[in-house]
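Residue numbers (my numbering), protein chains in the order written: chain A, 1 to 305; chain B, 1001 to 1624; chain C, 2001 to 2308. A short worksheet on the structure shown next.
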């Protein structure tokens, strides 16, 4: 198990390096921040001067190396736009996004897993068809549209939930539903397929021959096997939520990282965007690593290899 | 012992909805079983034997419908009892079942110990310590050393044979009255098979347990059972004491089955075989279900279902023919060709000191292990010969086959074909010299290509003929292998296993190679179809002058068609010689073990014990 | 020996192994299967309608979507009080006919959806087949690339790239396409690995096929059905991605009518004029729903067919 874990960690580090370099490359090539800062109609010398100041005239690899070095020392750069250290800005916006993401996962769990399990146990029944229909519809809805519809419903028609801001816990209900709704279909299907596959497996047939039946069969023999893949998917989903919360936060006017990212992009704030991309990637990598390790620990076939 | 039989089954019927149609998988199966008796249920694929055992254990798929007049175990009426009660009081307690696939039949996330000990319900009379002690006792009894330590192991840490033993121990925890074993050894190697069966028989005697053994292998059933039930297409066609049914079979199907088991032939004579294939039963046939394939068929057979007749006491069969009135129900093979090809001294393929080692690396940073697949193998195949390469799984025979085909380069040694190293022969030339035929008729054909396309692809690739000429050649080849021309535009999914194997053979011979390397060509086929394919291979040898390297684990097949035998074990050839020499006086201990493990139908002994019909002539060539 | 009076009749004909019972049906008719699958039919129908609308937009839409008509701005749909039958679905904040903008929006969405899905298909399938077929170091490299691609925050990067390079339909298609090939790769790689070990591939090598020939003529045809399924689903994904980008202002720019953009433009008055937001959303929903229904329906058909 230890060998497996160390292998995964090394891989994660390599991926992190590759990803940060790729992001760096893409962003540097896509734009020229010097001219953006200088403004329109600025003279070439001015632009060149700014470029020198920011160190943008060095070869890309050197720029990347220097950036990497700074990151290791905890210096995440300074925002062109906000004129503050990027690190501080990120820390400021992080809690909102984190809370939102976790609540969204919670919503997904309590909806998707029971629905998926029931759908698998009674295939082609009304519940199965309804939940599949729900899944297909939820998958087709743009999240911002769902958000706006919810705002109309609950903000105007039946005002129970607040529809903007992030001050109280209640503020998170609607956004969590919107964000969570997006992964309900996938998790539900995964659960359904997982449970169906396990129910059809040889060892469940053996369990039945041993006298297991009904709820006891489900809880003791089926679920542990069926939910193994779901566990890893949930971690990945959490990663997606962190990176994909921009729309939800924008619509509900919450001060999270997503909205902050949008503002930085529109403002041409390359260092911030760069750092955010890398941060989200690292979080994702970390979460998948966690998922892998969790999966390995839960599945004796991997744990004891 | 007086009293009612332990298990009574009368008119058991199982129907399965498949799409819009209904499949009558089991029809009117009737039999009884006394306490401690062993019943072998025999049949080929599609016979309904597995469905019958699942029906007894209430393990049928949810959509299946089970009906019977009587279904009784002891005092329990299995028809009346509801599923929950059955699971609570009978399943795993009074009746138990072990399955065919030990590799997937154990829950991967629980230890062996947990799975064995959970057989006993919480709240039962035993204490936890008692349960554990019993588990350890059973594990040791079934031949697993260090039982206490093993309890903590997970299924994936055990081999297939061990897992099956664990299954047996598990199911015996509650000392059931009846154990049903559905092909328990089919997925295991021959040597392991023998020991598992021996174990089952011993345990049966010890516990006084009744046993139902479902198998397609007549050899297995003939050695150890008391009674036998032969099933065909969902029906029970013959039942009775083993010696009676196998020594003096009455039903044409049983007779045909016995006769088509591969065994020694003289001078390349052909195996008798049952024509046609097992039907899928979507509609209840009028008349006898075997009529379309029966040589003795008469007009009444197609109209009304034959009655059950008794040949002698308990020996029952469903046919219109009176006992012992008919002979072999087979297609008589044409007399052996007078000038059957004799192996000529020319060597076609020569392997010299071939070695192949694999490096296995389990991950990006794991250490590499080396596995010696083939170790110093030297083998010659002459023109017109049929060399059999015998070995169990893991012996390296498939790797050797790929090397001989030129698809893999050996690490050591060389392979010469027609004098030139096979690696340096250009692929197109090599293709015209040696071709493969594989084991699995389901994966040897591209599902997206029609039969015609698959067979014709070699010609197309070599670009030699026009498309119209190609079609003609393909049709001629199809005729040669016995495929009806109308199948030209069909897809593999529409053909049976035997037909697919014929397509594979057609594809292999269309370039007119000199040597065919057949890797277990009949192992995945039913016994009756197996005989057809073996006959085809022999015919092709005579007509096209082919030579064969026949890789198989089935010694009966070897006995039937081979001229020379090479025995392979752990990558080495441990014995090489003419067929008669090797089979009658094997030199190497492994060969002896292999020969000893094979379970054959011992016809003379059975005949001697048969209760009647002393005058029945021997089926030609079945003497062992 | 005369007692062994056996009939030869069955021998000659029936040794052929021809099916005597249960004649195999001709190749199952795919079309009949499609007709029996309601989800698939519905999806194809919706898709068909949208494609026709988009293709014939200049003839079908009542007005030019760029024509501004300020005095007539913000009219509601005809069923709401104040509506005008001349503008069936009302007008937007610049007086442009909403129905026309919606119809032209179909063009944008379909173009981007199919375009991005195609780019993703090309990249993903090629990489997946190579990784699955060759294995070894190539597989490891491709898997590494895949892990990196999955780690990148897609939406964020797409936003950044489109905005910084310059928002246009072409750029949007390319960016979305280049960020959405992972699903193709995973499925293609797994399928290729399974097929690679099957015996008909070995047989193809034995008759002298080259590796490239094997990949294209033996393996690829077996992947078609899975690729089509993923393609339909990815069209939906691409449409949603574009809608999100345009909604946030970093995708399609005005005055081009994109459904996402229309929702953004209508957001300011969502409480007073909810239809500005609801109508384009319904269209997006229908398009993506159709794509998903088609994809899922095809997948159902495939799994039914593969059951022997």
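Note that beta-carbon positions come from the ideal geometry of N, C-alpha and C, so glycine has one too. Treat the numbers as computed from the prediction; the structure is a model and nothing was measured.
{"Asked": "Quick check on residue 1520/B: buried or exposed, where buried means 16 or more other Cβ atoms within 10 Å of its Cβ?", "Found": "buried"}
{"Asked": "What does the alpha-carbon distance come out to for the pair residue 2129/C and residue 253/A?", "Found": "44 Å"}
{"Asked": "Please determine, among 80/A, 91/A and 59/A, the residue with the shortest C-alpha to C-alpha distance to residue 74/A.", "Found": "91/A"}
{"Asked": "Would you check if the stretch 2207-2225 of chain C and the stretch 2174-2194 of chain C touch, i.e. whether three or more CB-CB distances between them fall below 8 Å?", "Found": "yes"}
{"Asked": "List the residues of chain A whose Cβ lies closer than 9 Å to the Cβ of residue 1059/B, in chain order.", "Found": "205, 208 and 209"}
{"Asked": "So with Cβ pairs under 8 Å, would you call residue 2212/C a contact of chain B?", "Found": "no"}
{"Asked": "Report buried or exposed for residue 2199/C, applying the criterion of at least 16 other Cβ atoms within 10 angstroms of its Cβ.", "Found": "buried"}
{"Asked": "Applying a beta-carbon distance threshold of less than 9 Å, which residues of chain B neighbour residue 225/A?", "Found": "1107, 1108 and 1109"}
{"Asked": "Taking the alpha carbon of residue 132/A as the point to measure from, which residue in 175/A, 152/A, 187/A and 172/A has its own alpha carbon closest?", "Found": "187/A"}
{"Asked": "Helix or strand or just coil, what does DSSP make of residue 1355/B?", "Found": "strand"}
{"Asked": "If you run the structure through DSSP and keep just helix, strand and coil, what is residue 1518/B?", "Found": "strand"}
{"Asked": "Grab the span of the alpha helix (DSSP H) containing residue 2267/C for me, first residue to last.", "Found": "2259-2267"}
{"Asked": "What residues from chain C crowd round residue 1431/B, counting only those whose CB sits closer than 7 Å?", "Found": "2206, 2207 and 2208"}
{"Asked": "Rounded C-beta distance between residue 2106/C and residue 2050/C? I'm assuming under 8 Å.", "Found": "5 Å"}
{"Asked": "Any residues in the stretch 2217-2241 of chain C with a beta carbon nearer than 7 Å to a beta carbon of chain B? Which ones, in chain order?", "Found": "2218, 2221 and 2222"}
{"Asked": "Identify, in the order they occur along the chain, each residue of the same chain with its Cβ nearer than 7 Å to the Cβ of residue 2250/C, setting aside the five sequence neighbours on each side.", "Found": "2159, 2162, 2163 and 2167"}
{"Asked": "Which term fits residue 1/A, buried or exposed, when burial requires 16 or more other beta carbons within 10 angstroms of its beta carbon?", "Found": "exposed"}
{"Asked": "Using 8 Å as the threshold, is the stretch 1202-1209 of chain B in touch with the stretch 1020-1034 of chain B, meaning 3 or more CB pairs across them?", "Found": "no"}
{"Asked": "Any idea which residues DSSP pairs residue 1227/B with across the strands?", "Found": "1039/B and 1241/B"}
{"Asked": "Could you check where the alpha helix (DSSP H) with residue 2114/C kicks off and where it finishes?", "Found": "2098-2134"}
{"Asked": "As a quick exercise: from 1004/B, 1068/B, 1021/B and 1006/B, pick the residue whose alpha carbon is nearest that of residue 1027/B.", "Found": "1068/B"}
{"Asked": "Taking only runs of the alpha helix (DSSP H) that begin and end inside the stretch 38-86 of chain A, which ones reach a length of at least 4 residues, in chain order?", "Found": "44-54 and 60-72"}
{"Asked": "Within 10 angstroms of the Cβ of residue 1501/B, are there 16 or more other Cβ atoms? Answer buried if so, exposed if not.", "Found": "buried"}
{"Asked": "Using a Cβ cut-off of 8 Å (strictly closer), state whether residue 2148/C contacts chain A.", "Found": "yes"}
{"Asked": "Taking the alpha-carbon positions, what's the residue 1587/B to residue 1564/B distance?", "Found": "15 Å"}
{"Asked": "Looking at the unbroken beta strand (DSSP E) that takes in residue 1434/B, where does it start and where does it end?", "Found": "1434-1437"}
{"Asked": "Spatial neighbours of residue 1059/B within its chain, please: CB distance less than 6 Å, with the 5 preceding and 5 following residues excluded, ordered by chain position.", "Found": "none"}
{"Asked": "Residue 1487/B to residue 1137/B, Cα distance in whole Å?", "Found": "58 Å"}
{"Asked": "Would you please verify whether the beta carbon of residue 195/A is less than 8 Å from any beta carbon of chain C?", "Found": "no"}
{"Asked": "Using the rule of at least 16 other Cβ atoms within 10 Å of the residue's Cβ for burial, across every protein chain shown, is residue 249/A buried or exposed?", "Found": "buried"}
{"Asked": "Using 8 Å as the limit for Cβ to Cβ distance, is residue 2151/C near chain B?", "Found": "no"}
{"Asked": "For the alpha helix (DSSP H) that contains residue 1096/B, what are its first and last residues?", "Found": "Residue 1096/B -> not in any alpha helix (DSSP H); beta strand (DSSP E) instead, spanning 1095-1098."}
{"Asked": "Taking residue 254/A as part of the alpha helix (DSSP H), name the residues at either end of that continuous run.", "Found": "Taken as a continuous stretch (DSSP letters only), residue 254/A belongs to no alpha helix (DSSP H), as it is neither H nor E."}
{"Asked": "Determine whether the beta carbon atoms of residue 1508/B and residue 1516/B lie at a separation below 8 Å.", "Found": "yes"}
{"Asked": "Pairing CB atoms from the stretch 1136-1151 of chain B with CB atoms from the stretch 1164-1179 of chain B, are three or more of them under 8 Å?", "Found": "yes"}
{"Asked": "Counting only beta-carbon separations shorter than 8 Å, does residue 1096/B have a partner in chain A?", "Found": "yes"}
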